[in-house]
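Okay, structure first, notes after.
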Amino acid sequence: MAKILVVEDDLIIQNLMRFYLQDKQHQVLVAANGRDGVSLALREQPDLIIMDLRLPVLDGWQATEQIKTCDQTADIPVLALTAQSYMAVRERFQNAGCDGYVGKPINFPDLFVQIDSLTRKKISA
Numbered sequence: 129m130a131k132i133l134v135v136e137d138d139l140i141i142q143n144l145m146r147f148y149l150q151d152k153q154h155q156v157l158v159a160a161n162g163r164d165g166v167s168l169a170l171r172e173q174p175d176l177i178i179m180d181l182r183l184p185v186l187d188g189w190q191a192t193e194q195i196k197t198c199d200q201t202a203d204i205p206v207l208a209l210t211a212q213s214y215m216a217v218r219e220r221f222q223n224a225g226c227d228g229y230v231g232k233p234i235n236f237p238d239l240f241v242q243i244d245s246l247t248r249k250k251i252s253a
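Heads up: the sequence shown at position 63 corresponds to 191 in my numbering, and the numbers run straight through without jumps.
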């Protein structure tokens with residue numbers, strides 16, 4: 129299946145994401161801050177990034193902007209992960225270049241639909 133980079137500082141959410149994504153046969157990479165997320169994205173070229181927006185060192189907004197403005201990573205879809213409502217972050221979400229939105233608490237069936245859609249688009253591009 130897909131190689132997915134999860135950029136999340138909360139260990140419980142990291143472990144939940146790893147468990148559910150690996151259960152669906154995805155390869156999972158994890159970074160605990162935005163700077164490490166950008167580095168892993170450059171090095172590993174994942175099929176999809178799930179990016180928490182509130183991160184230490186480099187926040188998710190800045191990390192996403194760096195990923196989307198770099199030629200080597202610009203085509204990697206990014207799902208924003210946040211406890212804030214979509215309406216509250218819509219403009220920043222679009223400006224940063226996010227390709228989708230996942231709310232907290234995470235609805236895993238909805239997450240899997242978005243993952244399937246975004247990874248299918250990337251593979252067919």
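Backbone N, C-alpha and C define an ideal beta-carbon position, used for all residues, glycine too. For clarity, every value in this text was computed on a predicted model and none was experimentally measured.
Return the Cβ separation of residue i and residue j in integer angstroms, given the expectation that the two are a contact with Cβ distance under 8 Å.
| i | j | result |
| --- | --- | --- |
| V206 | I195 | 6 Å |
| W189 | L176 | Rounded, the Cβ-Cβ distance is 18 Å, inconsistent with contact. |
Hey, out of the options, whose CA is closest to residue i's CA?
| i | options | result |
| --- | --- | --- |
| D203 | V230, L209, Q142 and T192 | T192 |
| D227 | Q242, N235, D199 and D137 | Q242 |
Between which two residues does the alpha helix (DSSP H) containing residue i stretch?
| i | result |
| --- | --- |
| G188 | G188 to T197 |
| V166 | G162 to E172 |
Under 8 Å Cβ to Cβ from residue i, same chain only, skipping five residues before and after it: list those, please.
| i | result |
| --- | --- |
| L157 | K131, I132, L133, V134, L168, E172 and P174 |
| Q155 | M129, A130, K131 and I132 |
Could you give the DSSP three-state label for residue i: helix, strand or coil?
| i | result |
| --- | --- |
| Q153 | coil |
| T210 | strand |
| A224 | helix |
List the endpoints of the continuous beta strand (DSSP E) containing residue i.
| i | result |
| --- | --- |
| K131 | K131 to V135 |
| L176 | L176 to D180 |
By Cβ distance, which residues of its chain are closer than 6 Å to residue i, with the 5 residues on each side in sequence left out?
| i | result |
| --- | --- |
| M145 | V134 |
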